[in-house]
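Worksheet: one structure, shown below.
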Amino acid sequence: MKACTAVLPSKKLVWLMLIVFSLLLESVALIYQYVLDYPPCVVCIQIRILLVAMIVISLIGLLLRAYMFSRFVSLLALLAVCGVSIERSWMLLGTERGFIFGSCGFDLGLPAWLALDEWLPFVFKVQTTCSYTPEIAFGITMAEALLAFFSVMALFIVYLLFVIAKPAE
348 MKACTAVLPS
358 KKLVWLMLIV
368 FSLLLESVAL
378 IYQYVLDYPP
388 CVVCIQIRIL
398 LVAMIVISLI
408 GLLLRAYMFS
418 RFVSLLALLA
428 VCGVSIERSW
438 MLLGTERGFI
448 FGSCGFDLGL
458 PAWLALDEWL
468 PFVFKVQTTC
478 SYTPEIAFGI
488 TMAEALLAFF
498 SVMALFIVYL
508 LFVIAKPAE
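Counted from 1, the sequence shown has number 400 at position 53 by my numbering; the numbering is strictly sequential.
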């Protein structure tokens, strides 16, 4: 069993799972925007950008999974993206619940050379200010679900990092 888990991050399934979960979250966001008519705020769009970053990093990890250094760097980058995503989700939840005062504007804060809102406005254009997120199921809002998802994802990545660090027996 130990020898099997020591190579877990080099398995294609782990990286494909990360890609699929990120794509599913992007798809859910677009369904809520276009089918259920919930326009995205700036924090929602920032989380979408972070999900795209997770997809790109996971693709790199998938392609370079044979090299331990590449797996390690990819997992560290994914952990950093999860950390920023947790912070953004916390901000969204705080704005929604009122324990963080203020609101967000319509500026994504991206540099001019990365104008995602102009290149792909149907995915990355801010359409409203931050106030509330829709309920997904069982009284859980999207902000709560995102916070839980990214927290679990971060724990999973930390686990994978420890699996890499531990030599196979």
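Where a beta carbon is used, it is the ideal one built from N, C-alpha and C, also for glycine.
Simplified DSSP state of residue i, which is helix, strand or coil
i, result
"A501", "helix"
"T476", "coil"
"I487", "strand"
"K358", "coil"
Cα-Cα separation between residue i and residue j, rounded to whole angstroms
i, j, result
"L461", "Y506", "33 Å"
"K358", "L508", "14 Å"
"F471", "A376", "11 Å"
"Y381", "Y414", "41 Å"
"V361", "F469", "30 Å"
"D384", "R435", "22 Å"
"G445", "M364", "35 Å"
"E491", "L457", "25 Å"
"G486", "F496", "16 Å"
"L370", "V399", "8 Å"
"V473", "L467", "11 Å"
Short Cβ contact (8 Å threshold) for residue i with residue j
i, j, result
"I402", "I378", "no"
"G452", "V389", "yes"
"L455", "I392", "yes"
"V428", "I394", "no"
"S478", "T442", "yes"
"T480", "M489", "yes"
"A501", "L423", "no"
Nearest-angstrom Cβ-Cβ length linking residue i and residue j, presumed shorter than 8 Å
i, j, result
"S421", "I407", "6 Å"
"L494", "L440", "6 Å"
Short CB-CB distance (under 8 Å) between residue i and chain C
i, result
"G452", "Included in the structure is just one protein chain, with no chain C present."
Open item on the list: Could you check whether the stretch 407-417 touches the stretch 461-481, counting it as contact only if at least three pairs of C-beta atoms, one from each stretch, sit closer than 8 Å?
Closed with: no
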